[in-house]
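Take any residue in the sequence shown, note its place counting from 1, add 579, and you have its number in the working numbering. Glycine included, every Cβ here is placed at the ideal spot set by N, Cα and C. Right, one structure below, let's go through it.
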Amino acid sequence: SIDALHPSRFAGDFFIDTLTLSPGNDYVFGSNDTIVLGNLQGEGDCVDRISLRASNPAVPAFLASGSAVQSNFVALQSINAIGIGSFTANDAIDQGGNDGWIINAKAEETFFWVGNTGQWNDPINWSFTSGGPANGCIPTAVDDVVFDANSFSGPSDVVSIEDRNASCHNMNWTVPNGQPILAGSVQLNIRVSGSLSFSANMQNQFAGDFLFSSADTSNT
């Protein structure tokens, strides 16, 4: 049994009796490698999703099992499920290149920033309505994010990306109050799978990269 409490990389072909996945962690499997599982235990949540991906997104890794395998609140990229068992991902983010899974996709939602200064990955700063109560979750790659007149009350409130990367579908700064700042470390990135729209009165001080990734052709 492996209880992976930290971001983990797997290389080579081998058997794992029970693989226990921890919420919020990133699991990277060697492309073209096959991991045979006796059992998989993985329960994320809407703040700390579990990421399963191949080391090279263009070349899948393989998970095999003879039993029914299920994981909740996961993001999958280039992971092929094989064997006589079934693989089910619930409330899942399909990042492409996956095969053999029953993927029950996360619903697309719109997240409004609330509460002035705060951290992107803190659920207290996100609501499902403009100026509304916190919803207890953070955005994913399929969710739109909006920063509007009800997001900020100070002259230079800060949206800070710390500790881990951020992702969203569309990002829209719709004339927020004051001159809010988007900030974060050079080691981090923001992955946008839709369109990005800044406002003239916001300050982009994010030092990391914006990564644009989409199969659609209509994004700006």
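Report the partner residues of residue i according to the DSSP bridge assignment.
i: Glu622; result: Asn651
i: Asn783; result: Leu761
i: Arg770; result: Ser746, Leu790
i: Val693; result: DSSP output for Val693 lists no bridge partner at all.
i: Ile595; result: Leu616
Verify whether the separation of the beta carbon atoms of residue i and residue j is less than 9 Å.
i: Thr667; j: Ser650; result: yes
i: Ile760; j: Asp795; result: no
i: Pro702; j: Ile717; result: yes
i: Gly676; j: Ala720; result: no
i: Phe608; j: Leu631; result: yes
i: Asn683; j: Ala728; result: no
i: Pro734; j: Gln698; result: no
i: Asn700; j: Val771; result: no
i: Gly621; j: Leu598; result: yes
Where does residue i fall in DSSP's three states?
i: Leu584; result: Because the pLDDT at Leu584 is just 44, under 50, the model does not fix this residue reliably, and the value given afterwards should be weighed accordingly. Leu584 falls in the coil class under three-state DSSP.
i: Phe608; result: strand
i: Asn704; result: helix
i: Trp752; result: strand
i: Trp699; result: coil
i: Ala590; result: coil
i: Val725; result: strand
i: Phe777; result: coil
i: Gly710; result: coil
i: Ile740; result: strand
Can you name, in chain order, every residue of its own chain whose Cβ lies under 8 Å from the Cβ of residue i, other than the five neighbours on each side?
i: Val848; result: Look at the range of the chain in this structure, 580 to 799, and you will see that residue 848 is not part of it.
i: Asp723; result: Glu687, Glu688, Thr689, Phe690, Cys747, His748, Asn749, Met750, Asn751, Gly773
i: Ser764; result: Ile740, Glu741, Ala786, Gly787
I'd like the list of long-range same chain contacts for residue i, defined as Cβ closer than 6 Å, with 5 residues on each side in sequence excluded.
i: Trp752; result: Phe726, Phe777, Ser778, Met781
i: Asn768; result: Asn744, Gly787, Asp788, Leu790
i: Ser610; result: Ala633, Ser634, Asn635, Val638, Ala640
i: Phe652; result: Gly623, Asp624, Arg628, Asp670
i: Thr696; result: Asp736, Val737
Leaving out the 5 sequence neighbours to the left and right, which residues in its chain are closer than 7 Å to residue i when beta-carbon positions are compared?
i: Thr708; result: Phe691
i: Thr613; result: Asp592, Phe641, Ala643
Start-end ranges of the alpha helix (DSSP H) lying completely within the segment 624-684, minimum 4 residues = none
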